[in-house]
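Everything on this sheet refers to the single structure shown next.
Protein chains in written order, with full-length UniProt numbering: chain A, 1 to 405; chain B, 1 to 405.
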C-alpha cells in the first residue's frame with residue numbers, strides 16, 4: 001500500500017479523490033499497489049464529507065509521516081506550494097502537481113531535486129488538463145528534435161472565440177455568458193490577456209528545448225481586441241481566429257509568443273473548438289503531431305494528476321523525467337519574427353489601394369460586403385519590425401492580426 | 001554504450017538507421033547511453049552503403065552476441081519475425097518492433113516473456129506510425145476506464161477518401177493515382193479491404209481492455225464500395241466518409257469493427273485528412289482525447305521505433321509495459337450493435353416515401369439535386385439485425401453507410 005497526501009481540497013483536489021474512488025480497482029492494478037489517501041490538507045473543514053476524517057490543517061503532519069510516499073499538490077499559486085513541494089521532495093516524497101505557476105517558475109530546480117533524491121516530480125496536469133502532453137514530450141518524442149510547439153492552451157478564450165465565431169456575438173457578450181456558465185472567472189484577466197497560456201507554453205518550451213524559458217520573456221497579447229467584425233473577415237477568408245501559444249526554433253534562434261492568430265482550415269488546430277485544447281508539435285523526423293482533449297475541468301485534470309500518481313507509484317526509486325537546465329534560454333526579439341499580417345483599414349479599398357501598395361507592396365485584398373467603409377488586406381511576409389514601420393505610415397488601421405501558415 | 005541489432009533493412013529499417021544518425025546527440029543524451037547499431041540483418045547486401053559493414057545474413061550472429069541488448073524488428077509479417085523476436089526475448093534482449101501482424105497475433109505472449117525476463121517488448125510504431133498512442137495508453141490514460149477507441153488507422157484509405165472528397169473523383173481513379181505516388185501498394189487489398197486497420201484496432205483494443213482481441217473476430221468492411229455519389233450525399237449532409245476502426249465497451253459488452261462511416265464535422269476525426277491518422281479515445285473521467293499525426297512513412301515510423309529504443313535503453317532491467325491476458329475477449333455479435341444508417345435508394349423520393357415509412361418508420365430524407373432517379377435517407381437508431389431485416393423488404397437499395405454520432 002502506498003499512502004498519499006493531497007494538498008488542497010478545491011476543484012482539482014476533490015476531483016483527485018473522486019477519480020481514485022471511481023476507478024480504484026483498475027488504478028491499483030496499474031500501479032501494482034493499493035493507493036490510499038491518508039491526508040488531505042486544507043484550511044477549511046468539510047463536516048459531513050467522508051473526506052473530513054482525513055483533513056489536516058498543518059502540512060508538517062504530512063511531511064513528517066514516513067508512510068506518505070507521494071504528495072499531490074493541487075493548491076495552485078507559487079506560495080506556499082513551492083515551500084511545501086520543495087520540502088516534500090527533499091524529504092524523499094515524490095510530488096505530482098497540476099500547478100502551472102509553480103512549474104513555470106521553479107520546474108527546473110524541483111526536477112533537479114527529484115533527480116538527486118531518485119524520486120519524481122511530475123506535472124502532466126499543469127498543461128492541457130487531461131491531454132497527455134508532458135509524458136509524450138518526455139518519453140515518446142525522444143527520437144526527434146522538436147522545432148515547434150503551438151497550442152490552444154486556454155479553454156476559456158477558445159470557448160469565447162468559438163462562440164463569437166459560431167454565433168456572431170461580440171467579445172463582451174460572450175465573456176459574460178462564459179462567466180455565467182462558469183467557463184470564465186469573475187476576474188478573467190489571466191485567461192483573456194493570455195497569461196495562463198503564457199505560463200503553459202513556457203513549461204512546454206523549457207521541456208522541449210532543454211533550457212529554462214522564463215514566461216516573463218514571452219511576448220503575450222490577449223483576445224480582448226478581437227471583435228465580431230474581425231471574425232467576419234476571418235470567415236470570409238476561410239480562416240479561424242485562435243489564441244495560439246507558440247514556440248519555434250528557427251536556425252539557432254528561439255521564438256515564443258502568445259497572441260491571436262488567423263489559421264487556415266488545413267491547420268490541425270483549426271477545428272479545436274469550445275473549451276477543448278489542442279497541442280501541435282513538429283519534430284524533425286516525426287513531422288506533425290497533434291494532441292487534443294479537455295484542457296481543463298475537474299475530472300479531466302484530476303485524471304492527469306492520478307495518472308502521474310500511478311507513474312510515481314510504479315517508479316518509487318527511479319527518476320523518470322528529463323530535466324531542463326536552469327540556464328535561461330535567450331529568446332530572439334520578436335521584432336525579427338517573420339510572417340504575414342492581416343490588416344483592417346478604414347476607408348474605401350479602391351481609393352486607398354495605391355497608398356497601400358506604396359507602403360506594403362503587393363497585398364491581397366479582403367472585403368466583407370456587409371462591412372462598409374472599411375476593408376482588409378493580407379501583407380506579404382514581413383518581420384514584426386517591418387510591419388510596425390509600415391503601419392505607422394498609414395492612417396486608419398483598425399486592427400491587425402497575425403497569420404499562422 | 002548499448003549495442004543494438006536491426007532486423008530488416010527495408011523502408012523502416014533504413015529509416016531507423018537514418019534517425020539514429022541524424023539525431024545522434026540528442027538521442028544518446030535522452031537514453032543516457034550511446035546507442036550503437038552493431039548489426040543489420042538482411043538477406044541482401046548493400047555494396048557502397050555505409051551499412052554494408054554491419055550487414056549479417058544469419059540471425060544467430062546477433063542472438064549469440066551478448067553485447068547486443070536491444071533488437072529492432074522491422075521485417076514485418078508473422079514469420080520469421082515471431083521466431084526471432086521470441087528467441088531474442090528469451091535470451092534477455094529487449095525488442096522494439098513496428099510489426100502489427102506480430103503484435104496482433106502474439107503480443108500477449110511476447111509481453112509475458114518480456115515481463116518474466118524483466119526486459120521490454122515495445123511496439124509504439126505498430127499502430128499509428130509516428131503518433132504516440134501505445135505509450136499514452138500504457139502510461140498516461142492509467143486513471144481511466146477506456147470505453148471507446150476509434151481511429152483512422154490507415155493512411156492509404158484516408159488518402160483515397162480525402163481525394164475522392166476534395167476532387168470528386170471515383171475510387172478506381174484515385175487508387176491508381178495513389179499507387180503511382182507510392183501511397184498505395186500495387187496489391188492494395190490489405191489497405192482498401194480494411195485488414196491493416198483491423199490488426200491495428202485489435203492491438204489497441206487488447207491493450208485498452210486487458211484481454212486478447214483476435215483480429216479474426218473483428219467485423220471488417222473496406223472502402224471499395226464507396227463511390228463518388230456516396231461522397232456527394234455526405235457533403236450535402238455536412239459529413240465526411242472515413243474508414244473507422246472502432247472498439248467500444250457498452251455495459252458489459254465489447255464491440256469492435258472496421259467499416260466506412262459517415263461522421264459529422266463536430267467529430268474530432270472529421271478533419272483528419274490525406275495520409276494522416278487520428279486516434280480518438282474516451283475515458284470515463286478524462287472524457288475525449290485525440291491523437292493526430294503521420295500514421296505511416298519511413299521517418300515518422302522510424303521515429304516511433306527509435307523512441308522505443310530510447311525507452312528500452314532507459315529501462316534495461318525494468319519491465320514497463322502493461323500486459324494483456326491471453327484469455328480471449330469475447331466480442332458481442334455486431335448484429336446487436338445500434339446506430340443510424342444512411343441508405344441510398346433508386347427511384348423517386350416522393351413516390352417511394354410511403355413504402356419507406358412503412359418499413360423504416362420515421363426517416364430523414366437526403367437529396368442531392370444533381371443525382372436523379374435516386375435519393376437517400378437516414379434511419380432512426382437500429383440494430384444491425386433490424387436494419388438488415390428492413391433492408392431486405394425494400395427493392396433498389398444502392399448502398400448503405402453506417403453513421404457514427
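Glycine included, each C-beta is placed from N, C-alpha and C at the ideal position.
- Neighbours of residue 144 of chain B across chain A, judged by C-beta separation under 7 Å: 23, 303.
- Neighbours of residue 1 of chain B in chain A, taken as residues whose beta carbon is under 9 Å from its own, are absent, since the nearest beta carbon is some 18 Å off.
- Excluding residues up to 5 positions away in sequence, 204, 208, 247, 281 lie with their Cβ nearer than 6 Å to the Cβ of residue 149 of chain B in the same chain.
- A straight line joining the alpha-carbon of residue 48 of chain B with that of residue 109 of chain B spans about 40 Å.
- Burial of residue 279 of chain B is indicated by the presence of at least 16 other C-beta atoms within 10 angstroms of its C-beta.
- A straight line joining the alpha-carbon of residue 86 of chain B with that of residue 128 of chain B spans about 24 Å.
- At a cut-off of 7 Å between beta-carbon atoms, residue 115 of chain B makes no contact with chain A.
- For residue 170 of chain A, there is no enclosing alpha helix (DSSP H), as DSSP marks it with neither H nor E.
- Under a criterion of Cβ atoms nearer than 9 Å, the residues of chain A adjacent to residue 310 of chain B are, in order, 139, 142, 143.
- Close partners of residue 135 of chain B in chain A (Cβ separation under 8 Å): 135, 136, 139, 140.
- Secondary-structure assignment with DSSP links residue 152 of chain A through a beta bridge to A/278.
- Rounded to the nearest whole angstrom, the C-alpha separation of residue 77 of chain B and residue 102 of chain B is 6 Å.
- The contact set of residue 51 of chain B on chain A, defined by CB atoms closer than 8 Å, is empty, because the minimum CB distance reaches about 18 Å.
- In the DSSP assignment, residue 288 of chain A is bridged to A/282.
- For residue 40 of chain B, the enclosing beta strand (DSSP E) stretches over residues 35–41.
- In this structure, DSSP gives residue 30 of chain A a helical state, which the three-state scheme calls helix.
- Sequence-ordered contacts of the stretch 158–184 of chain A with chain B are nonexistent [C-beta pairs closer than 9 Å].
- Remark: three or more beta-carbon pairs, one from each stretch, lie closer than 8 Å, so the stretch 114–126 of chain A and the stretch 314–325 of chain A are flagged as touching.
- Assignment of beta-bridge partners to residue 94 of chain B by DSSP yields B/70.
- Looking at B/79, B/91, B/404, B/46, the one whose alpha-carbon comes closest to that of residue 63 of chain B is B/91.
- When DSSP reads this structure, residue 364 of chain A sits in a beta bridge with A/378.
- Of all alpha-carbon atoms in B/237, B/251, B/295, the one lying nearest the alpha-carbon of residue 272 of chain B is that of B/295.
- By the C-beta density criterion, residue 32 of chain A is exposed, having fewer than 16 other C-beta atoms within 10 angstroms.
- Residue 324 of chain B is a Cβ neighbour of residue 211 of chain B, given a cutoff of 7 Å.
- Annotation: Cβ neighbours of residue 289 of chain A in chain B (cutoff 8 Å, chain order): 130, 131, 132, 291, 292, 293, 294.
- Separation of residue 18 of chain B and residue 401 of chain A (C-alpha to C-alpha, rounded to the nearest whole angstrom) is 40 Å.
- Residue environment for residue 89 of chain A: buried (at least 16 other C-beta atoms within 10 angstroms of its C-beta).
- Contact of residue 26 of chain A with chain B by beta-carbon distance below 7 Å involves 145.
- Residue 219 of chain A is positioned such that its CB atom lies closer than 7 Å to that of residue 257 of chain A.
- From the listed residues B/186, B/104, B/113, B/71, the smallest Cα separation to residue 95 of chain B is found for B/71.
- Taken atom to atom, the span from the alpha-carbon of residue 394 of chain A to that of residue 159 of chain A is near 34 Å.
- DSSP places residue 53 of chain B in the helix class (H, G or I) of the three-state scheme.
- Listed by position along chain A, the residues whose Cβ is nearer than 8 Å to that of residue 299 of chain B are 285, 286, 287.
- Restricting attention to A/40, A/235, A/185, A/82, the CA atom closest to the CA of residue 369 of chain A is found in A/235.
- For the stretch 256–275 of chain A, the residues whose beta carbon sits under 9 Å from a beta carbon of chain B are, in order, 265, 266, 268, 270, 271, 272, 273.
- Residue 40 of chain A and residue 1 of chain A have their C-alpha atoms roughly 17 Å apart.
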